[in-house]
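J.: My questions all concern the structure below.
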Amino acid sequence: KAKSNNSGHHVYRSVDNSHGETRLRTLQELRVALENDQLVLHFQPKIDLSAGIVHSVEALVRWNHPTRGLLFPDQFLALVEEANLMHGLTQEVLRKALDQAQDWASQGRPLTVAVNLSASSLVDADLPERVGAMLKARDLTASALILEITEDFLMADRDRARDILVRLRGSGIRISVDDFGTGYSSLAYLRDLPIDELKLDQSFVFPMAEDPRAAALVASTIDLAHGLGLRMVAEGVENATTYDELVRYGCDYAQGYFMCRPVPAAQLDLWIAARTG
Ligand code: C2E
Ligand code: CA
Ligand code: CA
Ligand code: CA
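Numbering (the UniProt record's numbering), first residue to last: 446 to 722.
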């Protein structure tokens, strides 16, 4: 599973433990994986805390490796970046996520999907048009998609990031700032960007139930976000105490194992059916 270091950033462990040969083989396998449809998506619901219903679902990539079984992002994403294959992975994930959204819509129960975009997606200046075409091809409106970007996406090349966000947002796609609080961007800087929501990093959410000061920090961050007209999502909600506190603080959405782990779409459908009775 994804590990975090003290600053909350993900530390990606490579599949191999540094042997050149294994590494080369893994790179080879990655290319094959992208060509042969070995990537699968799991979906985790984001709950609307005021209505108590599913607001959207986040698509999280897994690699269904032919011999090693199901691999998690911390086992292969670093290598994807190194091998310059992130563009291909993002395309695959977007395609699969929107196929699933189309499937849900055609069953008369539309669900918004959130897709993670790495900072390296910034090299793709045509991203907004590409995404627009993908939505259109599936008869989906822009409201079917949320894009989750991290602060390094925003900080890498500010002008470029802003330009891409303005075009995405202009087409109606919502933008979420992931892992909020772990990077260096200030709320003052975010205020001037076309974004819709902040996703408070789980490292701030985990200690809430135990530590009143951690809870107070979350409460005031929610107020600050609201003051700027942004929605707040809390991730990493693992118990009822944290869930109840977030409701009390007026947090908009929450995501976490307490409600539901990331699961294949069919399993999510069952979870939603059981919840709605
Ligand atoms: P993230 O975007 O911050 O996603 C949240 C991670 O926290 C997910 O790990 C999720 O399974 C996990 N999580 C959710 N609720 C809880 C909880 O209550 N407790 C705990 N301990 N963990 C929880 P996952 O699926 O292993 O993904 C790790 C990271 O990999 C993601 O962090 C994201 O940065 C990256 N990632 C995943 N899928 C994609 C993708 O399609 N594209 C890109 N570029 N990155 C992705
Ligand atoms: Ca995310
Ligand atoms: Ca996150
Ligand atoms: Ca994260």
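Ideal placement from N, C-alpha and C gives every residue a C-beta, glycine not left out.
Closest to residue 482 by C-alpha separation, out of 618, 536, 499, would be which residue?
T.: Translated into the one-based positions of the sequence shown, residue 482 becomes position 37. The shortest Cα separation from residue 482 among 618, 536, 499 belongs to 536.
J.: Could you tell me the distance, in whole angstroms, from the CA atom of residue 525 to the CA atom of residue 683?
T.: Within the sequence shown, numbered from 1, the residue matching residue 525 stands at position 80. Within the sequence shown, numbered from 1, the residue matching residue 683 stands at position 238. Roughly 30 Å separates the two Cα atoms.
J.: Please classify residue 501: does DSSP put it in a helix, a strand, or coil?
T.: The count along the sequence shown starts at 1 and reaches residue 501 at position 56. Three-state DSSP puts residue 501 in a strand.
J.: Cutting at 6 Å between CB atoms, please list the residues of its own chain near residue 719, excluding the five before and the five after it.
T.: To locate residue 719, count along the sequence shown from 1; it is residue 274. Closer than 6 Å at the Cβ level, and outside the excluded window around residue 719, lies no residue.
J.: Verify whether the separation of the beta carbon atoms of residue 558 and residue 504 is less than 8 Å.
T.: What you label residue 558 is simply residue 113 of the sequence shown in a count that begins at 1. What you label residue 504 is simply residue 59 of the sequence shown in a count that begins at 1. Judged by beta-carbon spacing, residue 504 lies within the 8 Å limit of residue 558, meaning their Cβ atoms are closer than that value.
J.: Under three-state DSSP, which class holds residue 688?
T.: Working through the sequence shown from its first residue, we reach residue 688 at position 243. Of the three classes helix, strand and coil, the one that applies to residue 688 here is helix, per DSSP.
J.: Here's the rule: buried if 16 or more other CB atoms are within 10 angstroms of the residue's CB, otherwise exposed. What is residue 398?
T.: Nothing can be reported for residue 398, as the shown portion of the chain is limited to 446 through 722.
J.: So, helix, strand or coil for residue 555, using DSSP?
T.: On the sequence shown, position 110 is the one that residue 555 refers to. Coil.
J.: Please identify the residue among 480, 501, 532 whose C-alpha is closest to the C-alpha of residue 571.
T.: On the sequence shown, position 126 is the one that residue 571 refers to. Its Cα nearest to that of residue 571, the residue 532 stands out among 480, 501, 532.
J.: Check whether the Cβ atoms of residue 567 and residue 601 lie closer than 8 Å to each other.
T.: Here the question's residue 567 lines up with position 122 in the sequence shown. Here the question's residue 601 lines up with position 156 in the sequence shown. Cβ atoms of residue 567 and residue 601: closer than 8 Å.
J.: At a threshold of 7 Å, does residue 593 count as lining ligand 2 (C-beta to nearest heavy atom)?
T.: Sequence index remark: in the sequence shown, residue 593 carries index 148 (1-based). Residue 593: yes, Cβ under 7 Å from ligand 2.
J.: What do you reckon, is the C-beta of residue 697 under 7 Å from a heavy atom of ligand 3?
T.: Within the sequence shown, residue 697 is the residue found at index 252, counting from 1. No, the beta carbon of residue 697 sits no closer than 7 Å to any heavy atom of ligand 3.
J.: Using the three-state DSSP reduction, which class does residue 615 fall into: helix, strand or coil?
T.: Here residue 615 corresponds to residue number 170 of the sequence shown, with the count starting at 1. If DSSP states are grouped into helix, strand and coil, residue 615 belongs with the helices.
J.: Which same chain residues end up closer than 8 Å to residue 705 when comparing Cβ atoms and leaving out the 5 residues on each side of it in sequence?
T.: For this step, residue 705 is matched to residue 260 along the sequence shown. Taken in chain order, the residues that qualify are 489, 490, 713, 716.
J.: Output the distance between the C-alpha atoms of residue 670 and residue 697, rounded to the nearest integer angstrom.
T.: Stepping through the sequence shown from its first residue, residue 670 is reached at position 225. Stepping through the sequence shown from its first residue, residue 697 is reached at position 252. If I take the Cα positions, the gap works out to 11 Å.
J.: Just the Cα atoms here: how many angstroms apart are residue 693 and residue 659?
T.: Counting from 1 along the sequence shown, the entry for residue 693 is found at position 248. Counting from 1 along the sequence shown, the entry for residue 659 is found at position 214. Residue 693 and residue 659: Cα-Cα distance of roughly 15 Å.
J.: On the three-state DSSP scale, how would you describe residue 489?
T.: Along the sequence shown, read from residue 1 onward, the residue named residue 489 stands at position 44. Of the three classes helix, strand and coil, the one that applies to residue 489 here is strand, per DSSP.
J.: If I follow the unbroken alpha helix (DSSP H) through residue 676, where does it start and stop?
T.: The residue you call residue 676 lines up with position 231 of the sequence shown. Unbroken run through residue 676 is the beta strand (DSSP E), 676-680; no alpha helix (DSSP H).
J.: Quick one: residues in its chain with C-beta nearer than 6 Å to the C-beta of residue 498, no 5 flanking neighbours on either side, listed in chain order?
T.: Numbered from its first residue, the sequence shown carries residue 498 at position 53. For residue 498, where only same-chain residues beyond five positions count, there are no Cβ hits under 6 Å.
J.: Which of the three DSSP states, helix, strand or coil, is assigned to residue 699?
T.: The residue labelled residue 699 in the question sits at position 254 within the sequence shown. In the structure shown, residue 699 sits in a strand (DSSP, three-state: E or B).
J.: Assess contact between the region 644-657 and the region 620-634, defined as three or more Cβ pairs (one per stretch) separated by less than 8 Å. Is contact present?
T.: yes
J.: Helix, strand or coil: which one does DSSP assign to residue 595?
T.: As a working note, residue 595 is residue 150 in the sequence shown. Looking at residue 595 - three-state DSSP - the assignment turns out to be strand.
J.: For residue 518, tell me which candidate among 584, 579, 534 has the shortest Cα-Cα distance.
T.: Here residue 518 is taken as the residue at index 73 of the sequence shown, counted from 1. The shortest C-alpha separation from residue 518 is found at 534.
J.: Any residues whose CB sits closer than 7 Å to a heavy atom of ligand 5? List them in chain order?
T.: The model depicted lacks ligand 5 and carries ligand 1, ligand 2, ligand 3 and ligand 4 instead.
J.: Alpha carbon to alpha carbon, how far is residue 654 from residue 677?
T.: Taking the sequence shown and counting its residues from 1, one reaches residue 654 at position 209. Taking the sequence shown and counting its residues from 1, one reaches residue 677 at position 232. Taking the straight line from one Cα to the other gives about 18 Å.
J.: Return yes when the Cβ of residue 501 is within less than 8 Å of the Cβ of residue 591, no when it is not.
T.: Residue 591 sits at position 146 when you count from the first residue of the sequence shown. Residue 501 sits at position 56 when you count from the first residue of the sequence shown. Contact: yes.
J.: Given 7 Å as the limit, tell me if residue 562 has its C-beta closer than that to any heavy atom belonging to ligand 1.
T.: Start at 1 with the first residue of the sequence shown, and residue 562 comes out as number 117. Under cutoff, so the answer is yes.
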